[in-house]
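Protein chains in written order, with the working numbering: chain A, 29 to 457; chain B, -13 to 539; chain C, 1129 to 1615.
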């Protein structure tokens, strides 16, 4: 779709303010009622999904040009989709997240990007990774001692896809390595793409760099096909979302699982046993890309059809993505299976979880905004009294590691795999 | 037109660089296009004027200083909170928009059942905070996304729970206003620093000049803080929601129940409403789901409570025999919530409700007694978090046939109104054909029972200009019906005399021409005189209806 | 002058009789006496409007009076010479009663006794202030916001007052509230089934609020519409005794919190003895018998399962009392619930009950919250001791209002008007206590007499706005000139 294709939505948005709050039925306090980091940080209406509709309409009508402020506004969105979920509590014909991203793409097409985005995209193009300063040559260094099968050389049941963050970030690599060991210890036949392992580029899509995303995605899809991949398991929520939702649109036809889904299954099957007590009170942060943005993709082609004069429907019926079927229970099942762990929930969870701030490339392009967003979440986590915040995405973890709450306090941040490791007997760690 | 550097700098000095903008992109997002949310002057295809700047004050002092600058330089200003409706936006090319988003504190006096709130404390958050201490607030029909302060100070403020809690003007205990001339007025007991417990006096109540049957929609300065009366909440400290989006449900325990009451004819319907007015048993009384239309309400309830269903399922659902049966059952209906303060109280209220049904020949709709449906409807009515379903069908709505007032009078004409709407639905394709009767609203617009507050939801497509124009014609026809029955302006035209259809303010001369013909023109002449006192530079747009006293007949 | 007035109201409704003028020159408060010039008795609102126009032309102060004597708050005593009393007691029609809407419309001269009797025929009743004077105007009582006994039904602070017809000081006449949106003809409105129900408005201002608590200083009200209630088929009154007022706070809060009771108030023994005792001796006797403090809790049931409603509230309230460490009783030493109920809701006998004990009294009342009342009571007793006034005589009445968000706190100071020392003491205490209560945060929402200065001195901005409003509605300052300190 082009930006102009969103015009009916722009004109049918009713300025209701739903996009600024978590679903109203779920609000438990004034403090944690907001859902949108962008308007939360900048405050002007412009930064809300409603504001973005109106801004786009003004741009299309020629009243607003892509000046510096407008460009920054457009890109200061973590593409977390919280607005989309809140909107769809009541609306069936607006796709506010798609629009936010399309507006970014419009800016990108017109050469309006942020300085911080340039090295990220340049590196994607040059080194096939979205972490500036990292090299393609080092991408699979993290896996060198793991005995992972190279899928281009031998068959394996499951393809493990670590993603850029786990591959390059030294403080996070251990988690990916442990994830591999965990699966291997459970008897999973695991391989990886070896030299063909490249960035999923999901973040490029969410930053509005559609061409770059398409190039990377199509290459990766080919690589998966050539390697005969049937099942992908990834510990990275961004990659998970990219494969499950974005690649699916481009024709990827493989089973995509996040590691929490796989580990949950293995625990249910008794293939992973968590026997060691981890006496800890934890709270769980639902990554946007694992939760509300990860619903199964259903191909659809059709057009709008009005019934009963003016009621909007689609012919044929169009799939509805409103966050209802994201991956929320699997990580909680895992936490429940760990002896000694007590889960205390934050106010904003599951489909209405607050973003970590790293989404949409904002950790690179707008670090101050990104860190404020993470700090808000740390405040919420600390308000539960938990000892640690658990998450299932390296981008979330990394952003939280650098953040402090409103009182300047930090919180221990653990990937769920780290907690699982602690709960396992020594010999299988 | 840009503000002079001197003025912009003066404003920036007040709030800081971060909280003011004159960027075209930012300012463009502070315009309203009334085809979407006109509330209530009928759809129009014009944008409201572009503000010269948008400014976000963080305190009463900052608001006061902004208003002083506006007076010094003759700049129109208007404060708004959630920016839903057109009434919150400026009406001239020489104006600035105040966005009150940064001011959102809530303080609660539990014992004396009051809350002191700032403008951006929306009803959902006020309710969330008050529930923690066993209290609740009246949420207007517009829903919990609305600013409680705005609905109390600036507009009507009645809703489903008003029968138990009163409408917001009844709940107003005291307020702090920056008058349009820049002076601060604290009404009631807070004026002398004695506390926020009483909104009246000393002597005549100055709050009387700040809001009437409805508030002045931002035309009388900026209300920066107010105290509201809270009400008993016998439920849990937060909603124990279950289920998945979009149909969360909550089991609130045995002392909170929701029923859809149905009646064989309008006479019985009205009699039951009167009985409820005369008793103290309702926590909420609202004709809610008929907003989807007489023909669709049961089917729409099935759609909105199922994450897998969508509007495209409507035709099939309408063929379902069970849904047909349920829809027929709730043709003349309304929803109620009863709340038992104790077990005994609940037992009494349940029996009293049954007694009313027995005396009026009414019944409880079966479908709405299903556990999930009950828990959905209960949560829906208590929080009013689904306000945007107003727009679900077509993307735009406006209320018509505001048959508010004496329920006995209303029922005499309601089916005539239904026929007009149904004929339009059948003969033209501008509005959604939902079955004529889409009358929804509170069973009482005031505390303790009295007037009803109704509107017929009329759904149209804001994107389809033919639909917008046709809807306008439909509304013109409704006005004829209103004139015939002496009902005054139709609901959809309530604000038609305070902002032009092109989005701009009325001039005084234009207002004089309108209001000199009012049944009691002195009302508007006094409003003029009061504006002269508190708003000598006439800086807040034309929502305040005024008549030059010398033009009074 | 005289001729014009006679022309407006007719000879029989005009008086310059010295005795009559004398009777309006003072009341039983400490307000300084001043004789009015004339007394006129208009028969309808058209005459009232004529009078106001005349007063503007001649710059003559008008003082509207609706109730009969004794007046108690100084508001009807002229503050400036050559004032004309507009005695509205002759306008005593009940214009309408609607059982269906539970609404009544009455003129200024209608008394509680008269109205309640008429309402009863329709199965209705009107909430009342505490034992109003027999000749008290219902209209004045509601306009001056005399506290109601049933705070739970006070959805609006102004309940049961809804709409009114007012002739402003500038001579313009209009209807307020919902009635202001229709034709300025009450009969036409009633014929169109419009019952003056909604009090707010008309339009974007609430003009009713310009005449409430105004002591007639903004205009003259010639009818009011009133929200009535169904006559209960069961009426009960329970009494909850306590040693100290503070002991009753939790209980009262609890009852309010669940919206129980149809009457709820707290009195000390002196106040209750005054209410119940029909002779001075009886009052003295009762003061010995009665508990120090009593909360009165009325419960009623009307048409809808009355027995069940009453019995469930009785059982629940009894449990609340237990939880709060107090007793929920049908009688206490010296009083039964029935007696208290009967005395509270019925108009006083010819002699106003507050005069029974010593012949005269001076009240001090203001608005505060229940949790602060003990602070004021303590301060009042301390001051009384300092002034040598018997604390035993101080009556205290705590009336929750507006659903319990605030209370009317009233101190009643009886004194013997024939004993100059007592008069002096009472006056001293009244003056000092009035100031002291204000310093402690007492809010004189109804600023009679010296309270006007005290209150408005604390609130310069309200004072400033009120002066400007007065200038709009009464530009020649002819309405009860000198009241509310607004010049």
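We put the CB at the ideal spot given by N, CA and C, even for glycine.
These figures come from a predicted structure and were not determined experimentally.
Close beta carbons around residue i, own chain, < 8 angstroms, minus the five adjacent residues each side
{"i": "residue 350 (chain B)", "result": "245, 246, 247, 248, 343"}
{"i": "residue 170 (chain B)", "result": "46, 50, 162, 163, 164"}
{"i": "residue -2 (chain B)", "result": "6"}
{"i": "residue 379 (chain B)", "result": "278, 297, 418, 420, 445"}
Alpha-carbon to alpha-carbon, residue j and residue i
{"i": "residue 46 (chain B)", "j": "residue 354 (chain B)", "result": "47 angstroms"}
{"i": "residue 1233 (chain C)", "j": "residue 1293 (chain C)", "result": "10 angstroms"}
{"i": "residue 116 (chain A)", "j": "residue 46 (chain A)", "result": "9 angstroms"}
{"i": "residue 205 (chain B)", "j": "residue 429 (chain B)", "result": "30 angstroms"}
{"i": "residue 147 (chain A)", "j": "residue 154 (chain A)", "result": "10 angstroms"}
{"i": "residue 203 (chain A)", "j": "residue 167 (chain A)", "result": "15 angstroms"}
{"i": "residue 483 (chain B)", "j": "residue 1321 (chain C)", "result": "26 angstroms"}
{"i": "residue 374 (chain A)", "j": "residue 1278 (chain C)", "result": "44 angstroms"}
{"i": "residue 370 (chain A)", "j": "residue 378 (chain A)", "result": "18 angstroms"}
{"i": "residue 421 (chain A)", "j": "residue 285 (chain A)", "result": "13 angstroms"}
{"i": "residue 77 (chain B)", "j": "residue 83 (chain B)", "result": "10 angstroms"}
{"i": "residue 186 (chain A)", "j": "residue 279 (chain A)", "result": "19 angstroms"}
{"i": "residue 176 (chain A)", "j": "residue 218 (chain A)", "result": "6 angstroms"}
{"i": "residue 548 (chain B)", "j": "residue 110 (chain B)", "result": "Because chain B spans -13 through 539 in this model, residue 548 (chain B) falls outside it and cannot be assessed."}
Nonlocal neighbours in the same chain, by C-beta distance under 7 angstroms from residue i, ignoring five residues either side
{"i": "residue 54 (chain A)", "result": "380"}
{"i": "residue 304 (chain B)", "result": "285"}
Contacts around residue i, its chain only, beta-carbon distance under 6 angstroms, and the 5 residues preceding and following it disregarded
{"i": "residue 200 (chain B)", "result": "141, 142"}
{"i": "residue 73 (chain A)", "result": "79"}
*Contact list for the region 16 to 31 of chain B against chain A, Cβ threshold 8 angstroms*: 16, 17, 18, 19, 21, 22, 23
*beta strand (DSSP E) segments (min. 3 residues) lying fully within the region 299 to 352 of chain A*: 308 to 312, 331 to 335, 339 to 343
*Spell out a yes or no on whether the region 385 to 392 of chain B and the region 432 to 452 of chain B are touching, meaning 3 or more CB-CB pairs, one atom from each, closer than 8 angstroms.*
yes
*Where are the beta strand (DSSP E) runs, 3 residues long or more, that stay fully inside the region 438 to 506 of chain B, in chain order?*
439 to 446
*Note down, one range per segment and in chain order, each alpha helix (DSSP H) of at least 4 residues found wholly within the region 1143 to 1201 of chain C.*
1146 to 1151, 1173 to 1186
*Check whether the region 370 to 388 of chain A touches the region 424 to 443 of chain A, taking contact to mean three or more Cβ pairs, one atom from each stretch, closer than 8 angstroms.*
The region 370 to 388 of chain A and the region 424 to 443 of chain A touch, with no fewer than 3 CB-CB distances between them shorter than 8 angstroms.
*asked:* Check whether the region 12 to 28 of chain B and the region 71 to 87 of chain B are in contact - that is, three or more C-beta pairs closer than 8 angstroms.
replied: yes
*Every unbroken beta strand (DSSP E) inside the region 115 to 192 of chain B [3 residues or more]*: Within the region 115 to 192 of chain B, the complete beta strand (DSSP E) segments of 3 residues or longer fall at 158 to 164, 170 to 173, listed in chain order.
*Below 7 angstroms between beta carbons is the criterion; list the residues of the region 71 to 84 of chain A that meet it against any residue of chain B, in chain order.*
71, 72, 73, 74, 79, 82, 83
*asked:* Output needed in chain order: residues of the region 513 to 538 of chain B with a Cβ under 7 angstroms from some Cβ in chain C.
replied: So the close ones are 513, 515, 516, 519, 530, 531.
*Listed from N- to C-terminal order along the chain, which residues in the region 319 to 344 of chain B have their beta-carbon within a distance smaller than 8 angstroms of any beta-carbon of chain C?*
327, 328, 330, 331, 333, 334, 337, 338, 341, 342
*Closer than 7 angstroms, Cβ to any Cβ of chain A: which residues of the region 366 to 378 of chain B, in chain order?*
Contact annotation: in the region 366 to 378 of chain B, residues whose CB is within less than 7 angstroms of a CB in chain A are 369, 371, 372, 373, 374, 375, 377, 378.
_If contact is defined by three or more beta carbon pairs under 8 angstroms, each pair taking one atom from either stretch, is the region 117 to 135 of chain B in contact with the region 1250 to 1264 of chain C?_
No, the region 1250 to 1264 of chain C is not in contact with the region 117 to 135 of chain B.
*When Cβ atoms are compared, which residues of the region 53 to 64 of chain A fall closer than 8 angstroms to chain B?*
Those residues of the region 53 to 64 of chain A that come within reach of chain B (Cβ to Cβ, closer than 8 angstroms) are 53, 54, 55, 56, 57, 58, 61.
*asked:* Residues of the region 216 to 235 of chain B in Cβ contact with chain A at a cutoff of 8 angstroms, in chain order, please.
replied: 224, 225, 227, 230, 231, 232, 234
*Any contact of the region 197 to 216 of chain A with the region 237 to 252 of chain A, i.e. 3+ C-beta pairs under 8 angstroms?*
no
*asked:* If the cut-off is 9 angstroms on Cβ atoms, which residues from the region 288 to 312 of chain B count as contacting chain A, listed in chain order?
replied: 289, 290, 293, 294, 295, 296, 297, 298, 299, 300, 301
_Residues from the region 1434 to 1451 of chain C in contact with chain B, defined by Cβ distance under 7 angstroms_ = 1436, 1437, 1440, 1443, 1444
_alpha helix (DSSP H) runs contained entirely in the region -4 to 20 of chain B, provided each spans 4 or more residues_ = Fully enclosed alpha helix (DSSP H) runs of 4 or longer: 10 to 14.
*For the region 113 to 142 of chain B, which residues have a CB atom closer than 9 angstroms to at least one CB atom of chain A, in sequence order?*
Flagged, chain order: 113, 114, 115, 117, 118, 129, 130, 131, 132.
*Residues in the region 107 to 139 of chain A with C-beta within 7 angstroms of chain B's C-beta atoms, listed in sequence order?*
113, 116, 117, 118, 119, 120, 121
*asked:* Along the region 1277 to 1295 of chain C, where does the CB come closer than 7 angstroms to a CB of chain B? Name the residues.
replied: 1281, 1283, 1284, 1285
*asked:* Below 8 angstroms, how does it come out for the region 360 to 370 of chain B and the region 398 to 413 of chain B: are there three or more Cβ pairs, yes or no?
replied: no
_Along the region 385 to 414 of chain B, where does the CB come closer than 9 angstroms to a CB of chain A? Name the residues._
411, 414
_Within 8 angstroms, do at least three Cβ pairs link the region 214 to 225 of chain B to the region 1129 to 1138 of chain C?_
No, because fewer than three Cβ pairs between the region 1129 to 1138 of chain C and the region 214 to 225 of chain B fall closer than 8 angstroms, the two stretches do not touch.
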